[in-house]
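Visitor: Chains as they are written, first to last, in our numbering: chain R, 1 to 312; chain Z, 313 to 646; chain W, 647 to 940.
Just so it is clear, CB atoms sit at the ideal spot from N, CA and C, and this is done for glycine as well.
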């Protein structure tokens, strides 16, 4: 099994190269002369020297190779704005984003799975229908709007919770609800439909015929089989939330990597945008790999598949 | 049948499935008894109501559409229909076990075979997990699967072996009686023979009473002591194996035997029973078999025939016997 | 011979369409969604002729700024004195067109690539799928941000950005559907008559893959609308003073205290539109599903 994990980790590398090339290439198309932006007060000779150093007198592929060489060393370039290494800026801001994303995801899981199971067991009843309507509303709501509404209600009208910044436990609540609502909506629906598929399976009838009490039939026998799609959606949602963190962090002035990226976009700080998006994508790819490997723990048939792939 | 200990006693059982626009009268006024250590073959075509009867014994009839409309079921001295859910859970797997038709889907894919057998033991007996798991391994051996395979998953077993595991689960707690719903139908013929042989051995070893549901008369001949023939939710004939096979009374049973291909008479045409089983949502008020019966008379169309004793152990529901001296053609070879 | 085969396929499709339509109508949510979409489409098409863009939608009337909703201004005015209701109506035009064009782009590129990958397999398929994986590794919104940053922020580029970011989904769905369909017998039959490969792909295989693609179209229009308004909210979508719902929300941020109506209405508009598409998409998914669960 370890060999399979290593193999998958190595397969990440072409993806990382591909993604960084894609993003670098597109960003390179951005208008504006990078060099003159970087060195507004330099002489013409110095500008030419900089041009050469950064490869702007050569093709984009050369520049990309240079960039990748630096990337391998952990150097993502330097911000136009702050002159600090992009890597440092990203690393500084990452914990805030992770705090938010993971916190929201954990709370969502705790709410959506029991709700999804309940909806599935009571499928077709009024509770199920109400629940599904709420779920639909939750995932149709633009999350930046939800954030603003929450601020209007809880910060401005009621004054209970702060409206921005990472200032402690209270300040994480509103942004987490903002992100979490979408997750909960989608994950409740997925849990429900996955459980409904499983509930008609014959092996549950065998379990009942054995005398397994009904609640264990659902919680133990059925649920474990329903997990695969649920895990998949958790993975997808985590990556969506890292991407969409941009919005929530903007609304709540949260000092995370999302806001770093969008501020850099607005200030034409190209290296930071490029580096930020590449780093975020790498992070997401690793997370999805972990999710993929988790399947093997849940479903022995998938584990068998992985082991077979390992041998051949 | 009354002098031995009766393990299962069903009287006048009626089970209907109530749907939006119609009601399926699956089981109607059914009565049967199974004595300790005996095997009853419940024979009939698909749709006759055999599985519903079996599910009713364990109160596993799917509850939204299914309703037990009347009758009584007793296992040993316990009145099944009066028991609560918790009490039923104690009985299932312990006093009565059931094995189902399709082994491919009967086992939970995410738990090992050993875990699934051990679960049955843990539910009903006060032993530790290790002891339960050890018992599970012994049971595997008993059904002919090497002990070490207890840690494997269902997808690693073939169909025949899966069914053996299912049998192991069913017998784990030594039930008084076992319901086997077409246990070999989904298997290859050679595997069928193996599984049947296994069931025979276990039956002898443990003295478990059994209801074997099947549409295959050959299997009935192999393993059953008594036979009950079901048609459109009713038992139309029941008796010992010898009686039903050699002194067949009901026209439907006769039809079943006649439709079997005979290797010694290969050149003759096959003789199926003409017509189809009646629609269970619209059963006729007369005998359900009348439209297809070659002995039908006017009285048959008026009302359902009552059970009539041909011998202390042999009962048939057929109005033709109102006429004394009536015999059907088949099965007069002593 | 050829005529008979085509005719029988067309006959099958017509009755299947009617069957799906009947199942869809039974779903109350889907019907509500269709109604809302129809209304929105009506607004989007007619608003150009009802309102004068320059005077009523983008012109500033500072004397009337920040008025709460009243009969004169059904949803109040923003801080430039512009009538929010009118801007909302015009915004429907933008949102719907961005959504539809973006998904149109994604659909065209995505299904072609997916069909080729699924039908030919082999090296072509591998290359297309690896490229798709790389594209899909970047989160949707970030991909759109990258494209808009590179190309500049205007309506067309917004459509391109959101559209291109949605391509991977269509590639995957189409490829999966094609893989299932291409092993069916009627494909063999078409080949046996001698149809050329491209014709087979477009006339025989794709029509039978439509179900998941149609569902995906509906759902992706919903997410495209959210993506477009997200980008506008962030300030990198449509340029001001365009009345896009997302940018209206962003403008309202400064006036949350006391003038919350500026943010309420555009957000509500987005939610209702997206909800409508999601309900139709859900309904379509259920109506097209052969194994009806009930």
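On the DSSP bridge list, what partners appear for residue 353 (chain Z)?
Guide: In the second chain, the residue the question calls residue 353 (chain Z) occupies position 41. Answer is Z:524 and Z:539.
Visitor: Would you say residue 409 (chain Z) touches the ligand FAD, meaning its beta carbon is less than 7 Å from a heavy atom?
Guide: The ligand FAD is absent from the structure shown, which contains no ligands of any kind.
Visitor: Short of 9 Å Cβ to Cβ, which residues in the stretch 181 to 208 of chain R face chain Z?
Guide: Result list: 201, 202, 203, 204, 205, 206, 207 and 208.
Visitor: Mind checking who residue 398 (chain Z) pairs with in its DSSP beta bridge?
Guide: On the second chain, position 86 is the one that residue 398 (chain Z) refers to. Answer is none; residue 398 (chain Z) lacks a bridge partner.
Visitor: When you compare the CB positions of residue 103 (chain R) and residue 185 (chain R), do they come within less than 8 Å of one another, or not?
Guide: Counted from its first residue, the first chain places residue 103 (chain R) at position 103. Counted from its first residue, the first chain places residue 185 (chain R) at position 185. Going by C-beta atoms, residue 103 (chain R) is not nearer than 8 Å to residue 185 (chain R).
Visitor: Need the endpoints of the beta strand (DSSP E) that residue 339 (chain Z) sits in, please.
Guide: As a first step, residue 339 (chain Z) is located in the second chain; it is residue number 27 there, counting from the start. Note, residue 339 (chain Z): beta strand (DSSP E), 335 to 347.
Visitor: Between the Cα of residue 686 (chain W) and those of W:927, W:915, W:930 and W:925, spot the shortest distance and give me the residue it belongs to.
Guide: Position 40 of the third chain, counted from the start, is the residue given in the question as residue 686 (chain W). Nearest option by C-alpha distance: W:915.
Visitor: Since residue 212 (chain R) meets chain Z, which of its residues come closer than 9 Å, beta carbon to beta carbon?
Guide: On the first chain, residue 212 (chain R) is found 212 positions in, with the first residue counted as 1. The contacting residues are 401, 404, 405, 431, 432 and 435.
Visitor: Taking the alpha carbon of residue 203 (chain R) as the reference point, which residue from R:192, R:223, R:191 and R:193 has its own alpha carbon closest?
Guide: The residue labelled residue 203 (chain R) in the question sits at position 203 within the first chain. When each option's Cα is compared against that of residue 203 (chain R), the closest is R:223.
Visitor: Let me know if residue 473 (chain Z) comes out buried or exposed under the rule of 16 or more other beta-carbons within 10 Å of its beta-carbon.
Guide: Along the second chain, one-based indexing puts residue 473 (chain Z) at 161. It counts as buried.
Visitor: Need the endpoints of the alpha helix (DSSP H) that residue 805 (chain W) sits in, please.
Guide: Counted from its first residue, the third chain places residue 805 (chain W) at position 159. Note, residue 805 (chain W): alpha helix (DSSP H), 801 to 827.
Visitor: Given a cut-off of 8 Å on the beta-carbon distance, is the pair residue 166 (chain R) and residue 271 (chain R) in contact?
Guide: What you label residue 166 (chain R) is simply residue 166 of the first chain in a count that begins at 1. What you label residue 271 (chain R) is simply residue 271 of the first chain in a count that begins at 1. No, Cβ-Cβ distance for residue 166 (chain R) and residue 271 (chain R) is not below 8 Å.
Visitor: Quick check: is the beta carbon of residue 299 (chain R) nearer than 8 Å to any beta carbon in chain Z?
Guide: Here the question's residue 299 (chain R) lines up with position 299 in the first chain. For residue 299 (chain R), the answer is yes, since a Cβ of chain Z falls inside 8 Å of its Cβ.
Visitor: By DSSP, does residue 410 (chain Z) sit in helix, in strand, or in coil?
Guide: Within the second chain, numbered from 1, the residue matching residue 410 (chain Z) stands at position 98. Residue state, collapsed to three classes: strand.
Visitor: Taking a contact to mean a Cβ-Cβ separation below 8 Å, would you say residue 810 (chain W) touches residue 803 (chain W) in this structure?
Guide: The sequence position of residue 810 (chain W) within the third chain is 164, counting from 1. The sequence position of residue 803 (chain W) within the third chain is 157, counting from 1. It is not a contact, given that the beta carbons lie outside the stated cut-off.
Visitor: Report the CB separation of residue 889 (chain W) from residue 679 (chain W) in whole angstroms; it is logged as a contact under 8 Å.
Guide: In the third chain, residue 889 (chain W) corresponds to position 243, counting from 1. In the third chain, residue 679 (chain W) corresponds to position 33, counting from 1. With a Cβ gap of about 24 Å, residue 889 (chain W) and residue 679 (chain W) do not count as contacting.
Visitor: Residue 309 (chain R) CB to nearest chain Z CB: under 8 Å?
Guide: Working through the first chain from its first residue, we reach residue 309 (chain R) at position 309. Residue 309 (chain R) does not count as touching chain Z.
Visitor: Output needed in chain order: residues of the stretch 906 to 925 of chain W with a Cβ under 9 Å from some Cβ in chain R.
Guide: Those would be 906, 909, 910, 912, 913, 914, 916, 917, 918, 919, 920, 921, 922, 923, 924 and 925, in chain order.
Visitor: Can residue 159 (chain R) and residue 405 (chain Z) be called in contact, C-beta distance under 8 Å?
Guide: Residue 159 (chain R) sits at position 159 when you count from the first residue of the first chain. Residue 405 (chain Z) sits at position 93 when you count from the first residue of the second chain. In this structure, residue 405 (chain Z) does not lie closer than 8 Å to residue 159 (chain R) by Cβ.
Visitor: Buried or exposed: residue 67 (chain R), going by 16 or more other Cβ atoms within 10 Å of its Cβ?
Guide: Walking along the first chain from the start, residue 67 (chain R) turns up at place 67. Flag for residue 67 (chain R) reads buried.
Visitor: By the 10 Å Cβ neighbour count, where 16 or more other Cβ atoms means buried, how is residue 653 (chain W) classified, buried or exposed?
Guide: Walking along the third chain from the start, residue 653 (chain W) turns up at place 7. Model confidence at residue 653 (chain W) stands at a pLDDT of 42, short of 50, so the residue's coordinates are unreliable; what they give is reported in the following sentence. With fewer than 16 other Cβ atoms within 10 Å, it is exposed.
Visitor: Closer than 7 Å by beta-carbon distance: list the chain R residues that pair up with residue 524 (chain Z), in chain order.
Guide: Numbered from 1 along the second chain, position 212 holds the residue referred to as residue 524 (chain Z). The contacting residues do not exist; residue 524 (chain Z) stays about 16 Å from chain R at best.
Visitor: Within 8 Å, do at least three Cβ pairs link the stretch 541 to 554 of chain Z to the stretch 627 to 638 of chain Z?
Guide: Yes: at least three Cβ pairs fall under 8 Å.
Visitor: Check whether the Cβ atoms of residue 89 (chain R) and residue 274 (chain R) sit closer than 8 Å, and answer yes or no.
Guide: On the first chain, position 89 is the one that residue 89 (chain R) refers to. On the first chain, position 274 is the one that residue 274 (chain R) refers to. No, they are not a contact pair.
Visitor: The beta strand (DSSP E) spanning residue 621 (chain Z) covers which residue range?
Guide: Position 309 of the second chain, counting from 1, holds the residue named residue 621 (chain Z). Note, residue 621 (chain Z): beta strand (DSSP E), 620 to 623.
Visitor: Residue 153 (chain R) and residue 181 (chain R) - do their beta-carbons sit closer together than 8 Å?
Guide: Along the first chain, read from residue 1 onward, the residue named residue 181 (chain R) stands at position 181. Along the first chain, read from residue 1 onward, the residue named residue 153 (chain R) stands at position 153. No, Cβ-Cβ distance for residue 181 (chain R) and residue 153 (chain R) is not below 8 Å.
Visitor: Tell me residue 489 (chain Z)'s beta-bridge partners as DSSP assigns them.
Guide: As a working mapping, residue 489 (chain Z) is identified with position 177 in the second chain. BP columns for residue 489 (chain Z) point to Z:408 and Z:521.
Visitor: Using a beta-carbon distance below 8 Å, is residue 22 (chain R) in contact with chain W?
Guide: As a working mapping, residue 22 (chain R) is identified with position 22 in the first chain. It does: the Cβ of residue 22 (chain R) has a partner Cβ on chain W nearer than 8 Å.
Visitor: Of all Cβ atoms in chain Z, is any one closer than 8 Å to the Cβ of residue 225 (chain R)?
Guide: Here residue 225 (chain R) corresponds to residue number 225 of the first chain, with the count starting at 1. It does; some Cβ of chain Z falls within 8 Å.
Visitor: Can you give, in chain order, each stretch of the alpha helix (DSSP H) that sits fully within the stretch 530 to 581 of chain Z and has at least 4 residues?
Guide: As far as the stretch 530 to 581 of chain Z is concerned, its whole alpha helix (DSSP H) runs of at least 4 residues are 553 to 558 and 563 to 570.
Visitor: Sort out for me which residues DSSP pairs residue 323 (chain Z) with in a bridge.
Guide: The count along the second chain starts at 1 and reaches residue 323 (chain Z) at position 11. DSSP output for residue 323 (chain Z) lists Z:384 as bridge partner(s).
Visitor: Who are the Cβ neighbours of residue 328 (chain Z) in its own chain at under 7 Å, not counting the five residues just before and after it?
Guide: As a working note, residue 328 (chain Z) is residue 16 in the second chain. For residue 328 (chain Z), where only same-chain residues beyond five positions count, the Cβ hits under 7 Å are 335, 336, 337, 338, 379 and 381.
Visitor: Just verifying my parser: in three-state terms, what is the DSSP assignment at residue 329 (chain Z)?
Guide: Within the second chain, residue 329 (chain Z) is the residue found at index 17, counting from 1. Residue state, collapsed to three classes: strand.
Visitor: Determine whether the Cβ of residue 793 (chain W) lies closer than 8 Å to any Cβ atom of chain R.
Guide: Position 147 of the third chain, counted from the first residue, corresponds to residue 793 (chain W). It does; some Cβ of chain R falls within 8 Å.
Visitor: Apply the 10 Å Cβ neighbour rule to residue 774 (chain W) and answer buried if 16 or more other Cβ atoms are within range, or exposed otherwise.
Guide: By 1-based counting over the third chain, the position of residue 774 (chain W) is 128. Its Cβ being crowded by 16 or more others within 10 Å, residue 774 (chain W) is buried.
Visitor: With a cut-off of 8 Å, do at least 3 Cβ pairs link the stretch 584 to 597 of chain Z to the stretch 564 to 574 of chain Z?
Guide: Yes: the two stretches touch, three or more of their Cβ pairs being nearer than 8 Å.
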